[in-house]
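With the sequence shown counted from 1, adding 73 to any position gets you the working numbering.
C-beta: ideal position from N, C-alpha, C; glycine also.
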Amino acid sequence: MSESSAEAVAAVASATGAAGGWRRATGIAGIAIGVIAAGAATGVAIERMTVGRGMRQKARLALDSAGPYGALRGTPGKAYADDGTELYYEVDDVDPEAVPPLSPRRRRLFGRKAPAPVTVVFSHGYCLNQDSWHFQRAALRGVVRTVHWDQRSHGRSARGVGQVQGDVPLDIEQLGRDLKAVIDAAAPEGPLVLVGHSMGGMTVMALADQYPELIRERVVAVALVGTSSGRLGEVNYGLPVAGVNAVRRVLPGVLKVLGQRAELVEKGRRATAELFAGIIKRYSFASRDVDPAVARFAERLIEGTPIDVVAEFYPAFGDHDKTEALVHFADLPVLVLAGVQDLVTPSEHSEAIADVLPDAELVLVPDAGHLVMLEHPEVVTDRLADLLTRAGAVPAGATVSGYGSTSSTARPG
Numbered sequence: 074m075s076e077s078s079a080e081a082v083a084a085v086a087s088a089t090g091a092a093g094g095w096r097r098a099t100g101i102a103g104i105a106i107g108v109i110a111a112g113a114a115t116g117v118a119i120e121r122m123t124v125g126r127g128m129r130q131k132a133r134l135a136l137d138s139a140g141p142y143g144a145l146r147g148t149p150g151k152a153y154a155d156d157g158t159e160l161y162y163e164v165d166d167v168d169p170e171a172v173p174p175l176s177p178r179r180r181r182l183f184g185r186k187a188p189a190p191v192t193v194v195f196s197h198g199y200c201l202n203q204d205s206w207h208f209q210r211a212a213l214r215g216v217v218r219t220v221h222w223d224q225r226s227h228g229r230s231a232r233g234v235g236q237v238q239g240d241v242p243l244d245i246e247q248l249g250r251d252l253k254a255v256i257d258a259a260a261p262e263g264p265l266v267l268v269g270h271s272m273g274g275m276t277v278m279a280l281a282d283q284y285p286e287l288i289r290e291r292v293v294a295v296a297l298v299g300t301s302s303g304r305l306g307e308v309n310y311g312l313p314v315a316g317v318n319a320v321r322r323v324l325p326g327v328l329k330v331l332g333q334r335a336e337l338v339e340k341g342r343r344a345t346a347e348l349f350a351g352i353i354k355r356y357s358f359a360s361r362d363v364d365p366a367v368a369r370f371a372e373r374l375i376e377g378t379p380i381d382v383v384a385e386f387y388p389a390f391g392d393h394d395k396t397e398a399l400v401h402f403a404d405l406p407v408l409v410l411a412g413v414q415d416l417v418t419p420s421e422h423s424e425a426i427a428d429v430l431p432d433a434e435l436v437l438v439p440d441a442g443h444l445v446m447l448e449h450p451e452v453v454t455d456r457l458a459d460l461l462t463r464a465g466a467v468p469a470g471a472t473v474s475g476y477g478s479t480s481s482t483a484r485p486g
């Protein structure tokens, strides 16, 4: 272990009151890193639990069995990144009965062969997977062709070959190339709408930076949700200055060590799942009445990301700067949307994107946190449907289905 790594671990142990307790230190550190991966940070005050532990465990099991979230599946496919990593995606095709037929004019224009349909490609965020778009997928299902994919090392995609076998540092540019591979496999022709949340939005920017001709020739609209074009190192996660500085000081060394102690850290995360769940909710949502099943769904998504993947991806965000790449979207319909109370990619970062793209529609959602598409799906889906209509991706006369609510007093249909 390097001197800096040892100091970092010692600092974490000291901060958590674990005198020489490696297992406790790595367990708490595992929570901290996992939280930051979900868009959170350490040092959060959690209300003391008053319900018995056994009852809480039963409640989580009940929510897992009853919650319908993340159950939608499409036609599976595989794409291969430039380093050989297998990337999993699913396609939801258009339902002919849900979409009006081509008008006589369009039939004459295109002859017997209809043009390739518009494909909406959804890219998810850090420590999530394609199921994080559950509500939007449900609403658009059958109305427009959609592709949902899992970023490398997330969800059903394989671990990054370059990272595991070649010890190649992960960067956002690689994710942009991964998205290009998915598009080549799942939507090789026809117009595209690119939708990205958080890291997924950064992936879309990296695609534009490396493949501007693809944007120019095929992309008809872009939606950037709760994301950033750079300067993520300045985010304070709602912490006081001293807390932020402490996290930044120890984080690189801790990450390096935790990535090498994945099995032990995962045990620590499981042992402290209740604390982890409380922090996830604090940094994922802002509303007080979020459906408990939705909160538990978000928890499961984040729990599903191994700590070594969390550690592997985190350094890439410090180097992310794609402000100049935004110019490639300047002539397109663009939706920029964020939660006003997002502590992970603050809404100011979305406003900065809109400053570069003054013709973009900027939507700031009050009472919303980082996972705005789960917290306020009706707002996100409504604005996304409007974007698709403006881009001609949704035919006139098509109806976007209901998208439910995450309120504790309403359940999705």
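### Message
Is it the case that the stretch 236-248 contacts the stretch 430-441, given that we only count it when at least three CB pairs across the two stretches are under 8 Å?
### Response
no
Subject >> Identity of the residue in R250, Q283, L287 nearest L265 by Cα >> reply: As a position in the sequence shown, residue 265 is number 192, starting the count at 1. Among R250, Q283, L287, the Cα nearest to that of L265 is on L287.
Q: State the Cα-Cα distance for the pair R463 and V383, rounded to the nearest angstrom.
A: What you label residue 463 is simply residue 390 of the sequence shown in a count that begins at 1. What you label residue 383 is simply residue 310 of the sequence shown in a count that begins at 1. The alpha-carbon atoms of R463 and V383 are separated by roughly 37 Å.
*asked:* Quick check on D282: does DSSP put it in helix, strand or coil?
replied: The sequence position of residue 282 within the sequence shown is 209, counting from 1. DSSP places D282 in helix when its eight states are reduced to three.
In DSSP terms, what T418 is bridged to
Along the sequence shown, read from residue 1 onward, the residue named residue 418 stands at position 345. In the DSSP output, where bridge partners are listed per residue, T418 has none listed.
Item to check | Close Cβ partners of F195 (< 6 Å) along its chain, the five nearest in sequence each way excluded | outcome: Within the sequence shown, the letter at position 122 stands for residue 195. Closer than 6 Å at the Cβ level, and outside the excluded window around F195, lie W206, H221, V268.
Legend entry - Burial state of T192 (16 or more Cβ within 10 Å): Residue 192 sits at position 119 when you count from the first residue of the sequence shown. That one is buried.
Original post:
Whose C-beta lies closer than 7 Å to the C-beta of R146 among residues of the same chain, with five residues either side of it excluded?
Top reply: In the sequence shown, residue 146 corresponds to position 73, counting from 1. Result list for R146: E163, in chain order.
- Would V467 be called buried (16 or more neighbouring beta carbons within 10 Å of its own) or exposed? Stepping through the sequence shown from its first residue, residue 467 is reached at position 394. Buried is the call here.
Under the assumption that G299 contacts D415 (Cβ atoms under 8 Å), give the Cβ distance between them as a whole number of angstroms.
Taking the sequence shown and counting its residues from 1, one reaches residue 299 at position 226. Taking the sequence shown and counting its residues from 1, one reaches residue 415 at position 342. So it is a contact: roughly 6 Å between Cβ atoms.
Beta-carbon gap between N202 and G377 smaller than 8 Å: As a working note, residue 202 is residue 129 in the sequence shown. As a working note, residue 377 is residue 304 in the sequence shown. Contact: yes.
Identify whether L265 lies in helix, strand or coil by the three-state DSSP scheme. Locating residue 265 in the sequence shown gives position 192, where the first residue counts as 1. Looking at L265 - three-state DSSP - the assignment turns out to be strand.
Query raised in the report: In chain order, what residues of the same chain have a beta carbon less than 6 Å from the beta carbon of R210, not counting five sequence neighbours either side?
Result: As a first step, residue 210 must be located in the sequence shown, where it is residue number 137. These residues qualify, in order along the chain: L145.
Nearest-angstrom Cα distance between L252 and A258? Taking the first residue of the sequence shown as 1, we reach residue 252 at position 179. Taking the first residue of the sequence shown as 1, we reach residue 258 at position 185. For L252 and A258, the gap between their C-alpha atoms comes out near 10 Å.
I need the DSSP call for G442, collapsed to helix, strand or coil. Numbered from 1 along the sequence shown, position 369 holds the residue referred to as residue 442. Per DSSP, reduced to three states, the secondary structure at G442 is coil, with no helix or strand assignment.
Discussion item. Per the DSSP calculation, E397 is bridged to which residue(s)?
Written reply: Here residue 397 refers to the residue found at position 324 when the sequence shown is read from its first residue. The partner list for E397 (beta bridge, DSSP) is empty, contrary to what the question assumes.
Extent of the continuous beta strand (DSSP E) to which D165 belongs:
By one-based count along the sequence shown, residue 165 stands at place 92. Start and end: 159-165.
- Message: Could you pull the DSSP bridge partners for K151 from this structure?
- Response: Looking up residue 151 in the sequence shown gives position 78. DSSP, once it has assigned bridges, lists Y161 as partnering K151.
Quick one, are the C-beta atoms of H422 and S301 less than 8 Å apart? Start at 1 with the first residue of the sequence shown, and residue 422 comes out as number 349. Start at 1 with the first residue of the sequence shown, and residue 301 comes out as number 228. It is a contact, given that the beta carbons lie within the stated cut-off.
Review point. Exposed or buried, P313, counting other C-beta atoms within 10 Å across all chains shown (16 or more means buried)?
Key: Here the question's residue 313 lines up with position 240 in the sequence shown. The residue in question, P313, is exposed, as its Cβ has fewer than 16 Cβ neighbours within 10 Å.
Helix, strand or coil at V413 according to DSSP, with G and I counted as helix
Position 340 of the sequence shown, counted from the first residue, corresponds to residue 413. Residue state, collapsed to three classes: coil.
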